[in-house]
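Here's the structure we're looking at; comments come further down.
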Amino acid sequence: MMMTPDFLFSKPQDERVDFTEKDLLLMVPYGLSLSNGTDRPFLILKDEAGEETLPVAINSLEAGATLTQSAQNSVPVSLHKFSESLLISLDIKLERCVFVEIKGVHQYVRIYMKNHPRYTSLKFRADEVMSLCIQLKIPIYATRNFIGRSKVMSAEITEIAQELSSHPLATAKTNNYLM
């Protein structure tokens, strides 16, 4: 069955959903790349067979939350306890997270849910919700096509960061109006 935005969502969406269920690969957290030459860490997701690797550019807070959640020797700390309790109290179940779009250097996911009074899904920047998805054990999916495009985006981010670091004057504050 081909999924279309009209089938999945209550109103048309701006990303294109042109995949079937069989196109989706279940991705699991594999690790973090903190020293990739950029200021942005990457969460590394792999498919269950370990054949496909999805780099997800995240912010430092998400990276820290992900590291905290994966530390098995320490006392569990949840940055998302309130969100989890609120969802439970409202009987909203987050079913899955699917990577759907890349805009510039940002990846977007759609989180599908049950029992929300108005929506069957919501779209977020991936760097804003990855640690929540991992904490709540929400299955994360991507297509091979999306994985390929993400690898290109990741390489572009790394290349831009390396160019900037090799030209320190490019980021030097040369004017009082620059931050």
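Numbers given in this note's numbering equal positions in the sequence shown, counted from 1, plus 11.
Where is the CB? At the ideal position from N, CA and C, for every residue including glycine.
Leu54 is bridged by DSSP to Leu43 and Val67.
The C-beta of Asp102 has fewer than 16 other C-beta atoms within 10 Å across all chains shown, which makes the residue exposed. Of the residues Tyr119, Leu147 and Lys114, the one whose Cα lies closest to the Cα of Lys134 is Tyr119. Ile168 is positioned such that its CB atom lies closer than 8 Å to that of Val116. Contact between Ala76 and Leu90 holds, since their C-beta atoms are separated by about 5 Å, short of 8 Å. Setting aside the 5 residues that flank it on each side, Asp34 is surrounded in the same chain by Thr154, each with a C-beta closer than 6 Å to its C-beta; the list follows chain order. Tyr41 and Lys57 have their C-alpha atoms spaced approximately 6 Å apart. Cβ-Cβ distances below 6 Å link Ser165 to Pro66 in the same chain, with the five nearest sequence neighbours on each side left out; the list follows chain order.
The three-state secondary structure of Ile149, taken from DSSP, is coil.
DSSP, read as helix, strand or coil, puts Glu59 in coil. Secondary structure note for Leu105: it is in no alpha helix (DSSP H), and the uninterrupted beta strand (DSSP E) holding it is Lys104 to Lys114. Under DSSP, Ile122 takes part in a beta bridge, and its partners are Cys108 and Leu133. For Ser96, the uninterrupted alpha helix (DSSP H) segment begins and ends at Lys92 to Ser100.
Apart from the 5 residues on each side of it in sequence, Met38 sits with its Cβ closer than 7 Å to the Cβ of Leu56, Lys57, Asp58, Leu65, Ile151, Tyr152 and Ala153 in its chain, given in chain order.
Close CB contacts of Leu45 within its chain, under the 6 Å cut and outside five residues either way in sequence, are with Pro52 (chain order). The Cβ atoms of Ser161 and Ile122 do not sit closer than 8 Å to each other.
Thr154 is bridged by DSSP to Leu35.
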